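See structure below.
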Amino acid sequence: MDIDALRSFLAFVETGSFTRAAKQVHRTQSAISMQMKKLEKNLNKTLFQKQGRLLNLSHDGQIFARYAKQLVQLHDETLQQMNTAQPSTLLRLGCPDDYAESVLPILVSLLHAYWPHLDLQITCTPSNRVKIMIDSGHLDLGIITRGSDIEEGYKLESSPGVWTHNPKFNARSKTPLPIAIFQRDCRFHQAATDGLHKQNRAFEIIACSGSASAQRGIVRSGLAIGAMAQLSIGDLTPLTCDTLPALPIVDIVLIRASSSQNPVTDVACAQLCEHYIMKTRKK
-5 MDIDALRSFL AFVETGSFTR AAKQVHRTQS AISMQMKKLE KNLNKTLFQK
45 QGRLLNLSHD GQIFARYAKQ LVQLHDETLQ QMNTAQPSTL LRLGCPDDYA
95 ESVLPILVSL LHAYWPHLDL QITCTPSNRV KIMIDSGHLD LGIITRGSDI
145 EEGYKLESSP GVWTHNPKFN ARSKTPLPIA IFQRDCRFHQ AATDGLHKQN
195 RAFEIIACSG SASAQRGIVR SGLAIGAMAQ LSIGDLTPLT CDTLPALPIV
245 DIVLIRASSS QNPVTDVACA QLCEHYIMKT RKK
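When we follow my numbering, the leftmost residue of the sequence shown carries the number -5, and every step to the right adds one.
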């Protein structure tokens, strides 16, 4: 059975889209379609079914997905165990600076324990950019933020959204309320602005940034209050105020590229998350 076809199939299972699956495995959409047709012919089963405009897995497709994942994992683990010639393992990790001082150091220690000879290259960039770099093959592993109602990646931990301020200043009493928030694709941006609109509360966005460091600096200076995950607030003070809109809980998860060159298999990814959870529970 063609291992590349299995990777393409699993990329569709993960993304739900031939277009995004094609990006993950670096093939054209037509090449993916041909691989899937050949798979169906070899198995003598229909793996996909249309529901309106959506293409979903059939019942046989759902069954096959479990076995395909095991086959690919076994293939990758075999290659990883047999490939002992390389003195070091190159691993390209992406992480938003939101978690550079909280999640990242713990994960780095676990990665070095898993691969004693590790060449770790870290790129700090927002979650949406990490996803793009994973899909394009420029990263092997990524730490990202997802909504708690979304199934994506391997969960490391959850973090509630909090309002932050510098108690030395009184930014929260100003009218309009000055806020520093993440960009529009961030859940905290939407929750903060929508919530304030519903309260008919006047506010002014002092700065909109993809960087948690930038937001912390602005809040620390007393120019605004901020809205971010509790894991990201650093030395800022949470603002306990019943009159401000509630912010959502987000999950911090680990995602991996589907490339055969990726040193991090699905099994390794799951184990890293298990060890991360055990380590953080001991704190």
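Built from N, CA and C at the ideal position, the CB exists for glycine as well.
Computed from a predicted structure; not experimentally measured.
- A straight-line Cα-Cα distance of about 11 angstroms links I138 and E151.
- A check of alpha carbon separations from K39 across L51, R47, V261 identifies L51 as the nearest.
- Burial state of E268 is exposed, judged by a 10 Å Cβ sphere holding fewer than 16 other Cβ atoms.
- Residue pairing for H269: DSSP places it in no beta bridge.
- In this structure, T158 is the residue among E8, E95, T158 with its C-alpha nearest to the C-alpha of A240.
- Rounded to whole angstroms, the separation of the alpha carbons of L33 and I249 is 26 angstroms.
- CA-CA distance, S142 to P154, rounds to 10 angstroms.
- Taking 7 angstroms as the cut-off, the beta carbon of S252 is found no closer than this to the beta carbon of A(-1).
- Listed in chain order, the alpha helix (DSSP H) runs fully inside the region 198 to 223 are 206 to 214, counting runs of at least 4 residues.
- F42 is bridged by DSSP to L51.
- For Q115, no alpha helix (DSSP H) segment is defined; the enclosing uninterrupted segment is the beta strand (DSSP E) at 112 to 118.
- A straight line joining the alpha-carbon of E146 with that of I199 spans about 30 angstroms.
- The Cβ atoms of K149 and V247 lie closer than 7 angstroms to each other.
- Taking C-beta separations shorter than 8 angstroms and ignoring five residues to either side along the sequence, the partners of P232 in its chain run V156, W157, T158, Q224, following chain order.
- Cβ-Cβ distances below 7 angstroms link N256 to D134, R250 in the same chain, with the five nearest sequence neighbours on each side left out; the list follows chain order.
- Residue burial is scored here from C-beta neighbours: Y93 has at least 16 other C-beta atoms within 10 angstroms and is therefore classed as buried.
- Only residues of its own chain outside the window of five on either side were considered, and among them E95, R210 have a CB closer than 7 angstroms to the CB of G228, listed in chain order.
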